[in-house]
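A.B. asks: In my numbering, the protein residues as written are 307 to 716.
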């Protein structure tokens with residue numbers, strides 16, 4: 307393909323040349339078609355580049371996207387975004403932060419960072435309490451709620467709606483999809499919105515955002531927020547517990563600094579450590595009970611190799627925290643020698659959840675988008691409703707097989 311041919315060009319630069327293409331057809335007028343093509347190109351770049359996206363009549367086709375995100379060493383954009391965010395906060399009466407459904411460490415940690423920044427600018431700031439969250443977040447949330455200084459920063463959806471005005475600034479962290487936000491009511495009411503996310507951009511997007519900071523190369527939203535805080539000014543200081551919360555977000559998304567970890571990731575962690583973050587406390591947050599470890603060992607035992615480098619397994623019963631359990635099991639399977647990608651299915655209250663992990667050779671984001679999910683090239687997930695476990699397994703197997711036939715996995 308043209309995407310592969312471009313990458314074969316020799317320029318003398320250690321980084322490969324890549325191309326991003328946006329195309330459209332059947333959009334009505336030529337002006338509308340041109341706008342659709344431009345939107346497709348922006349979507350390409352938001353997903354990390356090295357791909358082509360074609361917007362057709364009621365459908366969008368994705369091609370390529372096999373290159374890993376390249377870390378950016380310049381902090382110019384982070385500084386510009388930080389100053390813009392500070393200006394928006396200065397013009398606001400209060401700041402409200404919302405994450406995604408099933409709040410995780412990264413969403414909570416980055417949210418805590420935004421609240422700290424607002425407090426330094428003498429603005430009242432709140433984090434929307436989630437109706438549901440990963441069990442790993444329970445321990446961190448418990449620590450935050452025990453703090454007399456920090457517990458007042460958490461509010462319910464009802465209280466948030468009552469506090470909001472036209473001057474309220476809403477900061478959405480760790481997601482850019484309206485359907486994944488903890489509260490669609492709060493999002494709809496907000497007139498001033500900021501989006502901070504490290505996931506590759508999808509078609510669904512918060513269109514009314516005043517400021518968008520998306521960097522697929524970043525390890526986590528917590529890393530991005532840490533950099534923003536450093537450019538906010540000396541008046542923004544982190545409480546040690548806040549620094550610990552933000553560090554936990556980086557740790558969980560990098561799997562203890564082993565995935566998507568760049569120079570800026572370590573520099574962010576260094577800043578947090580100087581701000582009082584406790585690595586031992588972070589480690590304690592991820593301790594598990596014996597039942598969870600036993601359940602995961604059974605998943606490893608029934609694992610099936612679909613190819614030499616792709617492995618799939620499943621839970622037979624719903625664990626205490628299905629989403630987290632599946633993610634941890636997928637990480638464990640990826641530790642097996644020779645495995646490049648792992649897939650784990652788990653029963654949930656809503657149906658079946660699929661967690662996928664990759665070393666980068668297999669683009670699990672693109673693969674799971676075929677199943678209605680998404681994520682990163684190396685970390686992705688999907689949900690199935692109305693399917694039995696054996697039906698879901700067959701569906702995943704077929705999708706992986708079709709993906710391999712297309713020559714995407716090597």
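A virtual CB, placed ideally from N, CA and C, is assigned to each residue, including glycine.
For clarity, every value in this text was computed on a predicted model and none was experimentally measured.
Looking at the secondary structure, which residues open and close the beta strand (DSSP E) in which residue 639 lies?
C.D. replies: From DSSP, residue 639 is part of no beta strand (DSSP E) but of the alpha helix (DSSP H) over 628-639.
A.B. asks: Using CA coordinates, which residue listed in 707, 693, 697 and 652 is at the minimum distance from residue 670?
C.D. replies: Comparing Cα-Cα distances from residue 670 to each of 707, 693, 697 and 652, the minimum goes to 707.
A.B. asks: Can you tell me whether residue 602 is buried or exposed, with buried defined as 16 or more other CB within 10 angstroms of its CB?
C.D. replies: Result: buried.
A.B. asks: How do the region 596-611 and the region 556-575 stand: do at least 3 beta-carbon pairs fall below 8 angstroms, yes or no?
C.D. replies: The region 596-611, when compared against the region 556-575, does not touch it at the 8 angstroms Cβ threshold.
A.B. asks: Quick one: is residue 462 buried, meaning 16 or more other Cβ sit within 10 Å of its Cβ, or exposed?
C.D. replies: When all chains shown are included, residue 462 counts as exposed.
A.B. asks: Select from 469, 567, 608 and 543 the residue whose C-alpha is nearest the C-alpha of residue 583.
C.D. replies: Cα-wise, what sits closest to residue 583 is 543.
A.B. asks: Any heavy atom of the ligand GTP closer than 8 angstroms to the beta-carbon of residue 523?
C.D. replies: Ligands in the displayed structure: none, and consequently the ligand GTP is not present.
A.B. asks: From what residue to what residue does the beta strand (DSSP E) around residue 567 run?
C.D. replies: Neither: residue 567 is in no beta strand (DSSP E) and is coded neither H nor E.
A.B. asks: Considering only C-alpha positions, which residue in the set 679, 652, 646 and 654 is nearest to residue 663?
C.D. replies: Among 679, 652, 646 and 654, the Cα nearest to that of residue 663 is on 646.
A.B. asks: Less than 9 angstroms between CB atoms is the rule here; does residue 438 satisfy it with respect to chain C?
C.D. replies: Among the chains in the structure shown there is no chain C, since it carries only a single protein chain.
A.B. asks: What's the C-alpha gap between residue 488 and residue 366?
C.D. replies: Each residue's Cα considered, the two are about 27 angstroms apart.
A.B. asks: Using a Cβ-Cβ cutoff of less than 7 angstroms, which residues in the same chain neighbour residue 486 once the five nearest sequence positions on both sides are dropped?
C.D. replies: Only 406 and 407 meet the Cβ criterion.
A.B. asks: DSSP beta-bridge partners for residue 666?
C.D. replies: Per DSSP, none; premise fails for residue 666.
A.B. asks: What residue range does the beta strand (DSSP E) around residue 689 cover?
C.D. replies: Start and end: 685-690.
A.B. asks: Exposed or buried, which one is residue 675 when buried takes at least 16 other CB atoms within 10 Å?
C.D. replies: The residue in question, residue 675, is buried, as its Cβ has 16 or more Cβ neighbours within 10 Å.
A.B. asks: Would you kindly report the start and end of the unbroken alpha helix (DSSP H) that includes residue 311?
C.D. replies: Start and end: 308-313.
A.B. asks: Would you kindly check if the distance between the Cβ of residue 476 and the Cβ of residue 404 is under 9 angstroms?
C.D. replies: It is a contact, given that the beta carbons lie within the stated cut-off.
A.B. asks: Roughly how many angstroms lie between the CA atoms of residue 555 and residue 414, to the nearest whole one?
C.D. replies: If I take the Cα positions, the gap works out to 7 angstroms.
A.B. asks: Can you give me the Cβ contacts of residue 425 inside the same chain, cut-off strictly under 7 angstroms, excluding the 5 residues immediately before and after it?
C.D. replies: Contacts found: 431.
A.B. asks: Which residue's Cα is closest to the Cα of residue 680: 655, 593 and 482?
C.D. replies: Of the candidates 655, 593 and 482, the one whose C-alpha sits nearest the C-alpha of residue 680 is 482.
A.B. asks: Among residues of its own chain, excluding the 5 on either side of residue 422, which ones have a beta-carbon nearer than 6 angstroms to its beta-carbon?
C.D. replies: Excluding residues within five positions, the ones whose Cβ falls inside 6 angstroms are 544 and 548.
A.B. asks: Between residue 712 and the rest of its own chain, which residues show a CB-CB distance below 7 angstroms, the 5 nearest in sequence each way excluded?
C.D. replies: So the list is empty, once near-sequence residues are dropped.
A.B. asks: Which residue from 499, 628, 571 and 334 puts its Cα closest to that of residue 526?
C.D. replies: Among 499, 628, 571 and 334, the Cα nearest to that of residue 526 belongs to 571.
A.B. asks: Residue range of the alpha helix (DSSP H) that residue 709 falls in?
C.D. replies: Residues 695-711.
A.B. asks: Would residue 358 and residue 343 qualify as a contact pair, given that the criterion is a beta-carbon distance under 9 angstroms?
C.D. replies: No, the Cβ-Cβ distance between residue 358 and residue 343 is not below 9 angstroms.
A.B. asks: Pull up the distance between the alpha-carbon of residue 715 and that of residue 666, whole angstroms please.
C.D. replies: Any reading at residue 715 is ruled out, since the residue's pLDDT is 43, under 50, leaving its predicted position unreliable.
A.B. asks: With 16 as the cutoff for other CB atoms within 10 Å, does residue 595 come out buried or exposed?
C.D. replies: Per the 10 Å Cβ criterion, exposed.
A.B. asks: So what's residue 355 in DSSP terms, helix, strand or just coil?
C.D. replies: If DSSP states are grouped into helix, strand and coil, residue 355 belongs with coil.
A.B. asks: What residues in its chain sit with their C-beta under 7 angstroms from that of residue 578, if we drop five residues either side in the sequence?
C.D. replies: The answer, listed in chain order, is 532, 549, 552 and 553.
A.B. asks: Can you tell me whether residue 544 is helix, strand or coil according to DSSP?
C.D. replies: Residue 544: coil per DSSP, three-state reduction.
A.B. asks: By Cβ distance below 7 angstroms, which residues in the same chain neighbour residue 314 in space, the five residues on each side in sequence not counted?
C.D. replies: No residues qualify anywhere along the chain.
A.B. asks: In the DSSP assignment, what are the bridge partners of residue 406?
C.D. replies: DSSP lists 487 as partners of residue 406.
A.B. asks: If you reduce the DSSP assignment to three classes, tell me which class residue 602 lands in.
C.D. replies: Three-state DSSP puts residue 602 in a helix.
A.B. asks: Is it right to say residue 642 is buried, meaning 16 or more other beta carbons lie within 10 angstroms of its own, or is it exposed?
C.D. replies: Counting Cβ neighbours within 10 Å, residue 642 comes out exposed, since fewer than 16 surround it.
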